[in-house]
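Take any residue in the sequence shown, count from 1 to its spot, add 66: that is its number in the working numbering. Where is the CB? At the ideal position from N, CA and C, for every residue including glycine. Take a look at the structure set out below.
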Amino acid sequence: MNERKISNGPNERARDESIAGTGPGIPDEALAPGEALPPAPSDEDVQRVAAKLGVPGTAARRDD
């Protein structure tokens with residue numbers, strides 16, 4: 067592999083960094099400073115939405 071640096075401009079990045087937010091996890095700029103992650107949905111919420119979307123294997127009930 068060619069280790070020679072070809073750029074030192076604004077597009078330069080470390081070799082182990084992801085490109086344009088394609089890496090795993092939450093992007094660094096997703097939250098404002100001091101802001102916490104929102105709570106995860108409950109199992110009941112997941113089941114309710116899956117049923118509304120018609121996901122196979124879920125109870126087809128409507129709470130509307």
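query, result
"Beta carbon of V115 nearer than 9 Å to that of P107", "yes"
"Pairwise C-alpha distance: E110 and T124", "11 Å"
"R119 - DSSP class collapsed to helix/strand/coil", "Reading off the sequence shown, one finds Leu at residue 119, where the question assumed Arg. L119 falls in the helix class under three-state DSSP."
"Distance, L103 Cα to G121 Cα", "First, the amino acid is wrong: residue 121 is Val here, not Gly. Going from the Cα of V121 to the Cα of L103 covers about 27 Å."
"Alpha carbon of A117 to alpha carbon of G100, nearest angstrom", "35 Å"
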